[in-house]
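Under my numbering, think of the first position of the sequence shown as 24, with each following residue one higher.
What follows is one structure encoded as structure tokens, with my remarks underneath.
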Amino acid sequence: MIRSLIHAVVVASTLFAQEPAKESSQVEFRVTRFDPGDRPPPKFKAGAAGGQVDVEVPLTFIEGPHKVTLRENRFLDFWRGAAEKPEISVPIEANERKDLLLIFFPTGETFKVIKVLTPVTQLRGTDRYLVNATKDQIGVKIGNGEPVFIDSGKSGVLRGPGGNDVVSLPVLISQKQGEEWKPSSTENWHFDPRARAYLFAYTSERTGHMTFHVITERL
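What follows is the structure, encoded as structure tokens:
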């Protein structure tokens, strides 16, 4: 339901001719996951052969950063066990080598991975990155701001108030069911300029209602 992206640098020259700059073969990344089933955290070897690192993907916090070498200057590989081929290969684009968060989503016995670029210029303190894993379009209205609408299977950024103070604002969350918008919940969210958050909206199998899985990252 969720899709994603990635890439990398190396420079070479000789006394007699200059070759064009190549892309660096390394990437720095952090990891977390969304898993309503709360299965044990998966453990991987990440990176090209000969320079791999151990990565355990947590559910309630963000782990890393890790710095590894890309295969063919492009692919970030994740291995489990003694497999001959990587279980997951994530293409890394040239602009995705730093400030990169990888979010793992379970699909059967393996995972899909989405990439989120998280420089503080794009995802500030008090901001929320929201993934809509429900079947409905959802709308989120923070305080007196304009509502933000996010389609099923898509993601978007909810801009917080910014500033230097911790504040609490009312938040109205709605779902579009058929052609009708229906209020889902009214909440108060705390906004801390020293932190940003990643929200995963999904329908609880136990209650049948939309709920949020929230991961907070301190800056």
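Positions of the beta carbon are idealized from the N, C-alpha and C atoms, including for glycine.
Among the options, the one whose alpha carbon lies nearest that of residue i
| i | options | result |
| --- | --- | --- |
| GLY201 | GLU79, ASP159 and PRO88 | ASP159 |
| THR144 | ASP174, LYS90 and GLY185 | GLY185 |
| ARG62 | GLN75, VAL76, ASP77 and THR83 | THR83 |
| GLY166 | ALA156, SER191 and ASP150 | SER191 |
| ARG182 | PRO142, PRO81, PRO114 and GLY168 | GLY168 |
| ALA105 | SER48, VAL237, ARG217 and ALA72 | ALA72 |
| PRO59 | LYS66, ALA117, ARG120 and THR130 | THR130 |
| TRP212 | GLY231, MET233, VAL237 and LYS199 | VAL237 |
| GLU119 | LYS66, GLY87, ARG217 and PRO142 | PRO142 |
| LYS121 | GLU107, VAL91 and LYS135 | VAL91 |
| GLY74 | SER48, GLU107 and HIS232 | SER48 |
| GLY87 | ALA117, LYS108, GLU107 and ARG56 | ARG56 |
| GLN198 | LEU140, THR230, LYS164 and LYS108 | LYS164 |
Beta-carbon gap between residue i and residue j smaller than 7 Å
| i | j | result |
| --- | --- | --- |
| GLU95 | PHE101 | no |
| ALA220 | ARG151 | yes |
| PRO216 | THR133 | no |
| LEU99 | VAL113 | yes |
Rounded distance between the beta-carbons of residue j and residue i, thought under 8 Å
| i | j | result |
| --- | --- | --- |
| LEU222 | PHE235 | 5 Å |
| GLN161 | ILE196 | According to the sequence provided, residue 161 is Ile. The question's Gln does not apply to it. Indeed, because the Cβ distance is near 7 Å, the residues count as touching under 8 Å. |
| HIS89 | VAL80 | Not a contact, Cβ separation roughly 11 Å. |
| GLU240 | ILE137 | 16 Å between Cβ atoms; not a contact. |
| ARG97 | ILE115 | 6 Å |
| GLU210 | VAL189 | That belief does not hold up - the Cβ atoms of GLU210 and VAL189 are roughly 16 Å apart, past 8 Å. |
Q) If you pair each beta-carbon of the region 46–56 with each one of the region 117–127, do three or more pairs fall below 8 Å? A) Touching, per the Cβ criterion.
Problem - At least three beta-carbon pairs within less than 8 Å, the region 204–218 to the region 172–179 - result: no
* To do: Report the residue ranges of all beta strand (DSSP E) runs contained in full by the region 132–192; include only those spanning at least 3 residues, in chain order.
  => Within the region 132–192, the runs of beta strand (DSSP E) that reach at least 3 residues and sit entirely inside it are, in chain order, 133–140, 151–155, 160–165, 171–173 and 178–181.
ask   = Given 8 Å as the limit, is there contact between the region 225–233 and the region 146–161, that is, 3 or more CB pairs closer than that?
value = yes
Subject >> Within the region 193–230, ranges of the alpha helix (DSSP H) (whole runs, at least 4 residues) >> reply: You should have found no qualifying run.
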